[in-house]
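**Q** Chains as they are written, first to last, in our numbering: chain W, 108 to 298; chain U, 108 to 298; chain F, 108 to 298; chain H, 108 to 298.
Even glycine gets a Cβ: it sits at the ideal position worked out from N, Cα and C.
Treat the numbers as computed from the prediction; the structure is a model and nothing was measured.
Number of protein chains: 4
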Amino acid sequence: MIKLEKRTEIIHAALELIAEQGFHAAPMAMIASRAGVGAGTIYRYFANKDVLITELYREIEAKILPCLLEGYIEKQPIRERFLHLSMALLRYFIIHPLYFRYLEQFFNSPYGVALRREKLLGRTEKRDAYRELFVEGVAGQVIKDLPLPVLFALSFGPLLAVTRDHVLGFIVLDDALMARTIEACWEGLKK
Amino acid sequence: MIKLEKRTEIIHAALELIAEQGFHAAPMAMIASRAGVGAGTIYRYFANKDVLITELYREIEAKILPCLLEGYIEKQPIRERFLHLSMALLRYFIIHPLYFRYLEQFFNSPYGVALRREKLLGRTEKRDAYRELFVEGVAGQVIKDLPLPVLFALSFGPLLAVTRDHVLGFIVLDDALMARTIEACWEGLKK
Amino acid sequence: MIKLEKRTEIIHAALELIAEQGFHAAPMAMIASRAGVGAGTIYRYFANKDVLITELYREIEAKILPCLLEGYIEKQPIRERFLHLSMALLRYFIIHPLYFRYLEQFFNSPYGVALRREKLLGRTEKRDAYRELFVEGVAGQVIKDLPLPVLFALSFGPLLAVTRDHVLGFIVLDDALMARTIEACWEGLKK
Amino acid sequence: MIKLEKRTEIIHAALELIAEQGFHAAPMAMIASRAGVGAGTIYRYFANKDVLITELYREIEAKILPCLLEGYIEKQPIRERFLHLSMALLRYFIIHPLYFRYLEQFFNSPYGVALRREKLLGRTEKRDAYRELFVEGVAGQVIKDLPLPVLFALSFGPLLAVTRDHVLGFIVLDDALMARTIEACWEGLKK
DNA sequence: GATGAATGAGCGTTCATTCAT
DNA sequence: CATGAATGAACGCTCATTCAT
Chain W
108 MIKLEKRTEI IHAALELIAE QGFHAAPMAM IASRAGVGAG TIYRYFANKD VLITELYREI
168 EAKILPCLLE GYIEKQPIRE RFLHLSMALL RYFIIHPLYF RYLEQFFNSP YGVALRREKL
228 LGRTEKRDAY RELFVEGVAG QVIKDLPLPV LFALSFGPLL AVTRDHVLGF IVLDDALMAR
288 TIEACWEGLK K
Chain U
108 MIKLEKRTEI IHAALELIAE QGFHAAPMAM IASRAGVGAG TIYRYFANKD VLITELYREI
168 EAKILPCLLE GYIEKQPIRE RFLHLSMALL RYFIIHPLYF RYLEQFFNSP YGVALRREKL
228 LGRTEKRDAY RELFVEGVAG QVIKDLPLPV LFALSFGPLL AVTRDHVLGF IVLDDALMAR
288 TIEACWEGLK K
Chain F
108 MIKLEKRTEI IHAALELIAE QGFHAAPMAM IASRAGVGAG TIYRYFANKD VLITELYREI
168 EAKILPCLLE GYIEKQPIRE RFLHLSMALL RYFIIHPLYF RYLEQFFNSP YGVALRREKL
228 LGRTEKRDAY RELFVEGVAG QVIKDLPLPV LFALSFGPLL AVTRDHVLGF IVLDDALMAR
288 TIEACWEGLK K
Chain H
108 MIKLEKRTEI IHAALELIAE QGFHAAPMAM IASRAGVGAG TIYRYFANKD VLITELYREI
168 EAKILPCLLE GYIEKQPIRE RFLHLSMALL RYFIIHPLYF RYLEQFFNSP YGVALRREKL
228 LGRTEKRDAY RELFVEGVAG QVIKDLPLPV LFALSFGPLL AVTRDHVLGF IVLDDALMAR
288 TIEACWEGLK K
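Right, dumping it as structure tokens:
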């Protein structure tokens, strides 16, 4: 369908420009021209720039969750589940560096401020998998008895940092290094 | 000297506006008016906005390092030195939330992109204290044998994340919680 | 015939939107959607927006004239004929406030500028009824010997003003008030 | 003072463009270029286009009132006062046709809609002079006992209509014709 | 004939920077 | 030295019109 193709082109052009150069390098006219459409055309698919930016964010997020949960076995021990989720997360971002960079830009822009608040409060499903893990782990005395935000910090802090380093080319995250990094995170978490 | 006072006022106005609302809320005219100077005056102290923003960044960084090293004893065991540096870092940001928020804005803006690259490559002094620590720790088999960027990630990742959570009001970082968080980081690092 | 129905729908949609909210609230796409047709379809019936707007004006005008002349008796005295025409005019606008509001919008828009010139020069039929009246009245020394535009002003000026007040809800024009208002106009006209 | 000159130039450019061609012919860039200033400069004097348009309206209005009341004698009979005010009004518009045309454009645009409502309710000083006149005249049985809006219509309706005709060149309003026209209005008003 | 997706010129507005005073 | 008025390029967005289907 033509309609969907154009929408896809626009979303993709926005993704590339913003992920690669940041929001300041992505005026609507440039998004349009990279997408190969007229400037006004964008507004047939997105009410305004805010909506385009947020929609793109949601699309990315919607793609991540299923990947994390693929092969995820609820009955496994907490440690194994943590390793699984984290490995999946790292792999996803390594495969989709544009998504990672976009998310970084998004959360550090006025567009993402409101959403960041939500996320930090742990309202989203993706984090819910982690959240359940942490709650269960704390209750079962497997994980340190620290406030949830601190547990999140101990997990996502290093994971996102190494992903950034990989994406920027400072390190090469192969499976072995990912595994060792995640293992280190776990050692910080575990009681 | 009048000259320095104006410079200081300008820097401070920029700090407040950017830290509190982000770059998009800090046009030069607003910085000037909050600083109590004419719009053109800023250009007598800073060649352009880029320079102002970067200069402010450097000033903040220059203030942090001495604080981290205050009471820092080179001869202490690696663990103690890590705890010391990290405690000092957290305390510094808790006391100076404006600086923390500015740094976050800065690193996630076009202005900070070049510098981020530098930092990640570990060229700056502040990180050098940590760097020495890590190099020494790896050599002495006290710290995991992971690439330096990963070690940085395991340390700064959680520390900056909990600081953010504190600044945004999601948790309250008192000395005890800071200590436990840093301890957890250490457990991730140590062999 | 389908064709005529569509044309009617388009004209009617334009009438409603423009009369109720003004030209600025009536983009072609909105007219089309209210008319239940495609945006491009309008251009099969009207060469462009200008033509649509002008055509709508002409249709309204064409509807008014017969109403004014209904029951109009050429042989009656001038005063009675003036009262008749004016009463019919007021009643028409009271019954069709959308037409009245459209005409107001139209004459005060770029679209109507050219036509206004025409009208003021007295080239249109509707005014011709009045015009004959005035010419005859002046000749017969029944009406003041003033230039035609002044006589038009003394008649239409108050009539349109009270209609506007009625449509906007500032007064309620019942038959009695209409009659008294028209009578007052006549007293201004008569010798 | 340069500041005032620029402001004046901008106001004047807006007045000319809007009075002569209507709002549609007066984009900010054109106002700026006719005023001989940069596009951004207008915004140093007026917060936005709305404000410019409204400010211009207020300036015109503020100039009219004193002219109407010059030589106005409260103690004169109602008829004389009506003739005085109306003569002054007509003369003012004849001398300042641009003002007249601007006011017409203004009141028939979204900008003036709110103000029109106010005016029709008779809240403004200028009309207050007329209003007092009418109230007093009705009470003293000199003027027809009609609702105020109708009395306004019988006065302003013809006066504005003949002014328009003059400004557009359909008639030439000399003092004699003005006097006769106003006299005719009075005959419509008086008991 | 009818459609509505696509277009792009043109709008109002912002803001980093300059320069006459 | 310091100023702040002036600038104009660039932004996000609208809408009359076209044209492939």
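H/F207 and H/V274: beta carbons closer than 8 Å?
**A** yes
**Q** May I have the straight-line CA-CA distance separating H/A120 from H/D272, to the nearest angstrom?
**A** 24 Å
**Q** Hey, U/K182 and U/I250: beta-carbon distance below 8 Å or not?
**A** no
**Q** Alpha carbon to alpha carbon, how far is F/G276 from U/I138?
**A** 51 Å
**Q** Can you grab the Cα-Cα spacing for the pair F/E162 / F/L210, in whole Å?
**A** 12 Å
**Q** Report yes or no: do the segment 189–200 of chain H and the segment 286–294 of chain H share at least 3 C-beta pairs separated by less than 8 Å?
**A** yes
**Q** Answer with yes or no whether the minimum CB distance from W/A121 to chain U is below 8 Å.
**A** No, W/A121 does not count as interfacial toward chain U.
**Q** Would a check of beta-carbon distances place U/H204 closer than 8 Å to chain W?
**A** Note that residue 204 of chain U corresponds to Pro in the displayed sequence, not to His. Chain W, which has no Cβ nearer than 8 Å to the Cβ of U/P204, makes this no.
**Q** With 16 as the cutoff for other CB atoms within 10 Å, does F/A126 come out buried or exposed?
**A** F/A126 should be labelled buried.
**Q** Among the residues of its own chain, which have a CB less than 6 Å from the CB of F/R188, if the five just before and after it don't count?
**A** L240
**Q** From the DSSP output, in three-state form, read off H/K170 for me.
**A** helix
**Q** Compute the beta-carbon to beta-carbon distance between F/A302 and H/P265, rounded to the nearest angstrom, for a pair I have assumed lies under 8 Å.
**A** Given that chain F is displayed from residue 108 to residue 298, the structure contains no residue 302 of chain F and the question cannot be resolved.
**Q** Short check: CB of U/A142 to CB of U/I117, under 8 Å?
**A** Contact: yes.
**Q** Are the C-beta atoms of F/M108 and some chain H residue less than 8 Å apart?
**A** Annotation note: pLDDT 44 at F/M108 (below 50); position unreliable, coordinate value reported separately. No, because no Cβ of chain H sits closer than 8 Å to the Cβ of F/M108.
**Q** Secondary structure at U/K156, three-state DSSP: helix, strand or coil?
**A** Reduced to three states, the DSSP call for U/K156 is helix.
**Q** Quick check on this structure: which residue in F/L172, F/Y150, F/L267 and F/S262 has the alpha carbon closest to the alpha carbon of F/R186?
**A** For F/R186, the nearest C-alpha among the options comes from F/S262.
**Q** Which residues, in order along the segment 126–149 of chain W, keep a beta-carbon less than 7 Å from a beta-carbon of chain U?
**A** Residues G129 and H131.
**Q** Got a sec, what are the start and stop residues for the alpha helix (DSSP H) U/D252 sits in?
**A** From DSSP, U/D252 is part of no alpha helix (DSSP H); its letter is neither H nor E.
**Q** Could you have a look at H/K297 and say whether DSSP puts it in helix, strand or coil?
**A** strand
**Q** Measuring only the C-alpha atoms, how far is U/A136 from U/A146?
**A** 5 Å
**Q** Output the distance between the C-alpha atoms of H/L205 and F/S216, rounded to the nearest integer angstrom.
**A** C-alpha separation (whole angstroms): 17 Å.
**Q** Starting from F/L190, trace the alpha helix (DSSP H) both ways and give me its first and last residue.
**A** I185 to I202
**Q** Cβ closer than 8 Å: which chain H residues qualify as neighbours of F/C292?
**A** For F/C292, the neighbours in chain H by C-beta distance under 8 Å run, in chain order, L261 and G295.
**Q** Considering W/A136, what are the terminal residues of the alpha helix (DSSP H) in which it resides?
**A** Counting along the chain, the unbroken alpha helix (DSSP H) around W/A136 starts and ends at M135 to A142.
**Q** Shortest alpha-carbon distance to U/C174 belongs to which of U/A283, U/A236 and U/V269?
**A** U/A236
**Q** So, are the CB atoms of W/E294 and U/G247 less than 8 Å apart?
**A** no
**Q** Taking F/L280 and F/I201 to be in contact with their CB atoms under 8 Å, please state how far apart those CB atoms are, rounded to whole angstroms.
**A** 6 Å
**Q** Measuring straight from C-alpha to C-alpha, what distance separates U/T270 and H/L122?
**A** 57 Å
**Q** So what's U/M108 in DSSP terms, helix, strand or just coil?
**A** Note that U/M108 scores a pLDDT of 44, beneath 50, so its modelled location is shaky; the value from the coordinates is reported in the next line. Here U/M108 sits in coil by DSSP.
**Q** By DSSP, does H/S216 sit in helix, in strand, or in coil?
**A** coil
**Q** Do you know how far the Cα of H/I171 is from the Cα of H/E177?
**A** 10 Å
**Q** So what's W/E177 in DSSP terms, helix, strand or just coil?
**A** coil
**Q** Whole angstroms is fine: what's the gap from W/D282's alpha carbon to W/Q212's?
**A** 26 Å
**Q** Can you round the beta-carbon distance between H/I160 and H/Y218 to whole angstroms, since I take them to be within the 8 Å contact cut?
**A** 5 Å
**Q** Considering Cα atoms alone, identify which of H/Y179, H/Y150, H/L222 and H/L253 is closest to H/Y164.
**A** H/L222
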